[in-house]
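Enquirer: Got a structure here, written out as structure tokens. Questions coming.
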Amino acid sequence: MPAKSASKVAADAQSASVSQRTRSAGSSSSLNFLLLSLIFHLIYSASIFDIYFTSPVIHPDRRYSLADTYIDEQGASLEPLHAAQLARQETANHTAKRLVLIVGDGLRADTAFARQSLDLAPLWKRRDALDLEREKISQEEAARSYGLELRHESAQGKEAEFYAAPYLRKMALEKGSFGVSHTRVPTESRPGHVALIAGMYEDVSAVTKGWAQNPLPFDSLFNASARTYSFGSPDILPMFAKGAVPGRVLTESYDESDEDFTRDATHLDIWVLDRLKALLDRARTDSTLDIELRQPGVVFFLHLLGPDTTGHTYRPQSREYVGNAAVVDAVTKAAEQLLSDFFNDDQQTAFIFTADHGMSRKGNHGDGEPDNTRTPLIAWGKGINRPRPLSVEHVEHRQHLEWRHEQRIKDTYYQKWGAMDQIWRQDVEQADITPLMASLLGLPMPANSEGRLPLSYLNFSPEHAARAALANAQGVLEMYKVKHSQRAARMLNYMPFHKLLPEADLPPGTKRVDQIRLQIQAGRYEQAIEDSAKLLEDALEGARYLQTYDWLILCAIISAGYLGSIAHGLAFLLRTYVFRNDQLQRTRGGRGGLGFWVALPVLIALWSKFALERSPPTYFLYAIFPALFWGRALDDRHLFLAAWRALHVRYAASSHPTLSLLRGTLGRASLAIIALAVMALGYLVRPVWSVGFLVIGFFWPALAIDTNTRARHEGLLLLWPLLCTVCALFTLGGLDKEESVPFLVGSGALFFLLGLAALGLKGLYGVGAPHSTCENSGGPKVGSCANVPNTGDAHEARFSRVMRVQLIVLVVATAVTASSSYSLQRKQGLPLPNQIIAWLVLVFSITFPLTYGFRSSSGTTATTAIEAQSRGQSDRGRQPAAHRLLMIVFAFAPVFILLSIRDEALFFAIYVATLLVWARIEGALQEERFLLQRCKDDLAAADQETTSQSSTSDTHCSIATDEPRALALEDLRIVITFIFFLHVGFFGTGNIASISSFYLSPVYRLVPIFSPFLMAALLLLKILVPFVLLAAIFHVLCVTPRSAVLAQEPISTKGKLVEPSTILGPRSPGGLNLADPYALVLAASCAFEVLAITFLFAVRTEGSWLEIGRSITHFVMANLLQVFVLALAGLAGVVVGGQTSDGTSNSYKS
């Protein structure tokens, strides 16, 4: 006996050592896989910018102006000397000596042009104070001191309505031309101003690099001017001075601290007018400055930030925003009067009024929503055409009127424009304003300008209009020439753009330019304009062709990378979570075999091509992953063969096992792909998520769950469709929300009541249930249980203390949110005590559970518990997972209340409840499958031992509840449901898949001063909260073992528990009993690749800006989901813990 005991101890020790090494190797392998997946998706997220949106910035040697149309490429005059001089003098007569560019930042076109309800008329005599020249004076007094007319003129016959910008309308109706300027994504201030002043659309990926400076040096109209005087925001002006000729672009900006979102922003616009007035006053006594101001080619840039700041705070449908538009209108009138007085009304000034972007109804911008892309454009003064009244007798005019009428019917945005509907409206793209301004001043086009000159705005003679069109085309053609020469110099097999092929050693397009010049000399101006427009379009198309020249090879590499990631992920799942160690040892295959020798030559060939062509470094990174993934997949081919054989065994009883296997496997895979495709549709059609809730809430239980199972879990299956219906109402609701303090207070009260219930009900979601086998074993404690104290009371005491503190914090958060909201609504600003308390609540509510709550009675933290698990040790003193889940919920409840505008916190509560019930249902179904399979195995074994035993007797089946299980094909449905809930966590709070889907108003309770990155961080925190709860609940679902009832209650031979289960308490279902919480998360990550591939080929470079912006957002989101899921799964493992609810390790591999 002693010898046997010693040998047994030695064998146990060896087995424990092998088990520990196995766990360590598996943990290291999982970590490597996670890191590789994170790096892969982060790199591939940027791939569309190399494929579709490469940087347009180039540096050509020559710029073209109207005067350059009189000389050839070598600078020789194309006209006799006397004729050339006369032509240049005629050009000077047509162009303006100076230009005033006024940008109403964030001003919508309909606010500037349409009639507004009288309810939106601002109350000018309100108590708000403006800080002007360090004196507190009212807005009315400030307006009076500058002679601004802030009264609102009623529209004719519409006493209950008024126009917010009567002077701008007057210029459009009587003196100039107008239209709608359409911007591109991202509709932010920096890209918008770059398009306006440089004529180039910024690299879309640069939106992540900040707002204050452009990430790439670029040429601009200001750099070509004689002198530019700019006044306005410190976020915009410096980027045009940087890189320009020293001393050419002069800037005056206010402090960033003046951009207070909680106060009236009109003082910012009046500040700009004040500085313009001060400049002109100085020039009256400074002769040098006077000479500089009067020279040709001077630009005045007035950046009026008020509408943007006011729109963010109060949103466009507010009297504050409309009132700020009226201030902008009055500032424009006053600026024109100041300049007219200074220059003695010489009629040599051209005025351009526009906006950099619009404003959504939420008070945000950034994406391609039409409200963000439509801005006003009004031009008047020297060189500008006067209004063109429309007549139904003119065919072109009649078509224009029909187009406008159709717009008004389809879109309320174009309604109530009054008399402006009866004059010609010329819509443009935002970059078109750059060549318009350059032509008005006779300046060269900026180097990277791709705008099309809108000739209908210009009051030029036919010849000069033709020459301006030619100069515009030559500038864009020069951009193509540079890109063409760069490509031709480095590509191995270069194929030039077919419409601009080089001829007789001449650069592309040279002969076409010469032909246009001959047409101008011959007086065929209309034909010259038409040919110039065609040349410009071909040059733009050629530039896009060269920018996306690598589309085919990059798409092939990226697609191969995503497919390889799926294959690599499946192999990892098979190796780690499906096959045991002994099964793996019976298979054959190894690293460095066929896969290595197939992938290495392919990678070398691609790298050699990229090196010879001097491709960007990212190309080399893209090529690594397909080679790596597919090489490993080939080396792991034995795993796929073993999986096929294992599945084949399941269908061995079928008459056609192979056909049955294909039908079953492909059927599940097809349903999964269809579900993912429907979710992709949900990015565009939000009610899809409501339909999804109806499917999983009603159709799935009715069609996929048998009657006996529904009867045993009746309580869960009655609660489930109710919660799904409520969630469906949230995703079906509208996106436009108004702040509701009663809603926020009610949500806080609901959370408070739920917290009291959590404290009062010991059995809530397993709280108070047995957590340790030692605590529930009958009789005296022996062995390892002898020294283990009963820690249940200590856990309950700590949990109660933490919850009481969290409920106090919840009450404080609700109170300060209500107080701050009321203060902001009254336009009294954000009280400093409220701001301090809100930040303390935000930080404390998140850190308190981590630093104090997540500890065992012995002081074990989550980190030490994970370390104990990695050493194979048991931590029976560990907190119950339900305690930690509840503490996480109430840690983020104050955060959600602080950052909510209406019902988001209520959705958060319903969403968490739905997740908890779903986890219970999945655990119950897993137990049903387990019982049925166990009884089948036991009955089959009994039949082999004796045939005399009746199979219909009430024999009890054996139970083995402590053995973790492997992944199964049935888990695919759980993975798809997890992906569905992941998306609902984002879309359910009223967001849509775009950049500007989030209300900024709640952020002002914490950050009243403009701070884009801090504001974005708070919004990101709000977005991540539902994801954190989903990851935590899913983690607990995966690692929780089957219910202890299975080891105590009798089981019939039909594989059913005799007694029904309960929703809460010790008789409630367990979990999935998986060996590792990351198994299903990694499976979901593989499924995400399908979404990424779908959105990769759905990226739009043409069409409406809404379509382009959404396509970019969808692809980036599909990739970011990979990063979020994997990172949050790791966070859930640390916060909730890597052990089962009974404190023991789940080890499947050993």
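With the first letter of the sequence shown counted as 1, position 436 gets the number 1293 in the working numbering; the numbers rise by one all the way through. Glycine residues also receive a C-beta, built at the ideal position from the N, C-alpha and C atoms. It should be emphasised that the depicted structure is a prediction, and the values quoted were computed from it without experimental measurement.
What did DSSP end up calling Pro1303 once you bin it into helix, strand or coil?
Expert: coil
Enquirer: Measure the C-alpha to C-alpha separation of Ile1461 and Ala1484 and round it to an integer number of angstroms.
Expert: 10 Å
Enquirer: When the distance is taken between beta carbons, is Gly1089 closer than 8 Å to Leu1162?
Expert: yes
Enquirer: What did DSSP end up calling Val1645 once you bin it into helix, strand or coil?
Expert: Here Val1645 scores only 46 on pLDDT, less than 50, and its place in the model should not be relied on; the value that follows carries that caveat. Coil.
Enquirer: Can you tell me which of Phe1200, Gly1220, Ala1955 puts its alpha carbon nearest to the alpha carbon of Gln1174?
Expert: Gly1220
Enquirer: Who are the near neighbours of Leu1894 in its chain, counting only those whose CB is closer than 7 Å to its CB and skipping five residues on each side?
Expert: Ala1776, Glu1779, Gly1780, Gly1928, Leu1929
Enquirer: Which value, in whole angstroms, describes the spacing of the CA atoms of Glu1177 and Ile1866?
Expert: 18 Å
Enquirer: Whose C-beta lies closer than 7 Å to the C-beta of Asn1201 among residues of the same chain, with five residues either side of it excluded?
Expert: If we look at Asn1201 and ignore the five residues flanking it on each side, it has no Cβ neighbours.
Enquirer: What number of angstroms, rounded off, separates the C-alpha of Leu975 from the C-alpha of Gly1180?
Expert: One C-alpha to the other measures close to 11 Å.
Enquirer: What would DSSP say about Ala1236, mapped onto helix, strand or coil?
Expert: DSSP, read as helix, strand or coil, puts Ala1236 in strand.
Enquirer: What is the DSSP secondary structure of Leu964, reduced to helix, strand or coil?
Expert: In the three-state DSSP reduction, Leu964 falls in the coil class, being neither helix nor strand.
Enquirer: Would you kindly check if the distance between the Cβ of Ala1207 and the Cβ of Ile1235 is under 8 Å?
Expert: no
Enquirer: At 4 residues or longer, what runs of the alpha helix (DSSP H) sit wholly inside the stretch 1259 to 1303?
Expert: 1290 to 1298
Enquirer: Looking at the secondary structure, which residues open and close the alpha helix (DSSP H) in which Gln1378 lies?
Expert: 1367 to 1378
Enquirer: If you measure between the beta carbons of Leu1375 and Gly1366, is that distance less than 8 Å?
Expert: no
Enquirer: Quick check on DSSP: helix, strand or coil for Thr911?
Expert: If DSSP states are grouped into helix, strand and coil, Thr911 belongs with coil.
Enquirer: In the DSSP output, which residue or residues are listed as bridge partners for Pro1246?
Expert: Ile1280
Enquirer: Along the beta strand (DSSP E) that carries Val1832, what are the first and last residues, could you check?
Expert: No beta strand (DSSP E) holds Val1832; the alpha helix (DSSP H) holding it covers 1828 to 1844.
Enquirer: Is it right to say Gly1524 is buried, meaning 16 or more other beta carbons lie within 10 angstroms of its own, or is it exposed?
Expert: exposed
Enquirer: Return helix, strand or coil for Phe1405, following the three-state DSSP convention.
Expert: Inspection of the sequence shows that residue 1405 is occupied by Thr rather than by Phe. Three-state result, Thr1405: coil.
Enquirer: Just the C-alpha distance for Arg1231 and Ile1530, rounded to the nearest angstrom, thanks.
Expert: Their backbone Cα atoms lie some 37 Å apart in a straight line.
Enquirer: Less than 8 Å between the CB atoms is what I'm expecting for Asn1329 and Leu1393, so what's the real figure, rounded?
Expert: 6 Å
Enquirer: Mark Tyr921 as exposed unless 16 or more other C-beta atoms lie within 10 angstroms of its C-beta, in which case mark it buried.
Expert: buried
Enquirer: Cutting at 8 Å between CB atoms, please list the residues of its own chain near Ile1415, excluding the five before and the five after it.
Expert: Tyr901, Ser904, Ile908, Tyr1479, Leu1953
Enquirer: Answer with buried or exposed for Arg1658, where buried requires no fewer than 16 other C-beta atoms within 10 angstroms of its C-beta.
Expert: Of the residues assessed, Arg1658 falls on the exposed side of the cut-off, its CB having fewer than 16 other CB atoms within 10 angstroms.
Enquirer: Is Tyr1679 buried or exposed, if buried means 16 or more other CB atoms sit within 10 Å of its CB?
Expert: exposed
Enquirer: Taking the alpha-carbon positions, what's the Cys1584 to Val1669 distance?
Expert: 28 Å
Enquirer: Here's the rule I'm using: 16 or more other beta-carbon atoms within 10 Å means buried, otherwise exposed. How should Phe1656 be labelled?
Expert: buried
Enquirer: Tell me whether Gln996 sits in a helix, a strand or coil according to DSSP, three-state version.
Expert: Only weak support exists for where Gln996 lies, its pLDDT of 47 falling under 50; the value from the coordinates is given anyway. Helix.
Enquirer: Do the stretch 954 to 962 and the stretch 1149 to 1162 meet, that is, are 3 or more Cβ pairs less than 8 Å apart?
Expert: yes
Enquirer: Counting C-beta neighbours from all protein chains within 10 Å, is the total for Glu1784 16 or more, i.e. buried, or is it exposed?
Expert: buried
Enquirer: Between Asn1229 and the rest of its own chain, which residues show a CB-CB distance below 6 Å, the 5 nearest in sequence each way excluded?
Expert: Thr1044, His1214, Gly1215, Ser1217, His1222
Enquirer: Measure the CB-CB distance between Val1885 and Phe1749 and report whether it falls below 8 Å.
Expert: Phe1749 sits close to Val1885, with the two beta carbons spaced by under 8 Å.
Enquirer: Thr1211 bridges to which residues according to DSSP?
Expert: Val960, Leu1234
Enquirer: Evaluate Thr1564 with the Cβ neighbour count: other Cβ atoms within 10 Å of its Cβ, from every protein chain shown; 16 or more gives buried, anything less gives exposed.
Expert: exposed
Enquirer: I need the straight-line Cα distance from Leu1988 to Phe910, nearest angstrom please.
Expert: Distance from the CA of Leu1988 to the CA of Phe910, rounded to the nearest whole angstrom, comes to 34 Å.
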